[in-house]
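Novice:
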Amino acid sequence: GQLIAGPFAAKILAEFGAEVIKVEPPLTGDPLRKWRLLHNGTSVWWAVQSRNKQLVTLDLRQPQAQEMVRRLIRDADVLVENFRPGTLEG
Numbered sequence: 049g050q051l052i053a054g055p056f057a058a059k060i061l062a063e064f065g066a067e068v069i070k071v072e073p074p075l076t077g078d079p080l081r082k083w084r085l086l087h088n089g090t091s092v093w094w095a096v097q098s099r100n101k102q103l104v105t106l107d108l109r110q111p112q113a114q115e116m117v118r119r120l121i122r123d124a125d126v127l128v129e130n131f132r133p134g135t136l137e138g
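So for the sequence shown, our numbering puts the first residue at 49; every next one is plus one.
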């Protein structure tokens, strides 16, 4: 997830010991990286919301990236996402 609700929920899971893998788009990354208060070019919010998470950069428009995410999801207990309804069903 991006911005607030998804990253916050995943951060809480990570702080309790869950393995959290955050998928970000290439080039721009999570929009939260540039949101509000910046320190050395990166948002303080992003630093807090992304701690204890593994970060992976994938272009989800590409079939290979979609397959990689499907493999990750197979073993997951929880998926936090913020796509439009039905996007992941295709």
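Beta carbons are placed, not taken as given, at the ideal position from N, Cα and C, and that holds for glycine.
Buried or exposed: where does L80 fall if 16 or more other Cβ atoms within 10 Å of its Cβ makes it buried?
Specialist: As a first step, residue 80 must be located in the sequence shown, where it is residue number 32. The residue is buried, with at least 16 neighbouring Cβ atoms inside 10 Å.
Novice: For Q102, collect the residues of the same chain with a Cβ closer than 6 Å to its Cβ; drop the 5 residues on either side in sequence, then sort them by chain order.
Specialist: Mapped onto the sequence shown, residue 102 falls at position 54. Excluding residues within five positions, the ones whose Cβ falls inside 6 Å are I69.
Novice: Which one or two residues does DSSP pair with L86 in a beta bridge?
Specialist: Taking the sequence shown and counting its residues from 1, the one referred to as residue 86 is at position 38. Note: L86 sits in a beta bridge opposite S91.
Novice: E67 by DSSP, collapsed to three states: which one?
Specialist: Here residue 67 is taken as the residue at index 19 of the sequence shown, counted from 1. Coil.
Novice: As a quick exercise: from T90, G65, L86 and L85, pick the residue whose alpha carbon is nearest that of G77.
Specialist: Taking the sequence shown and counting its residues from 1, the one referred to as residue 77 is at position 29. Comparing Cα positions, the closest option is T90.
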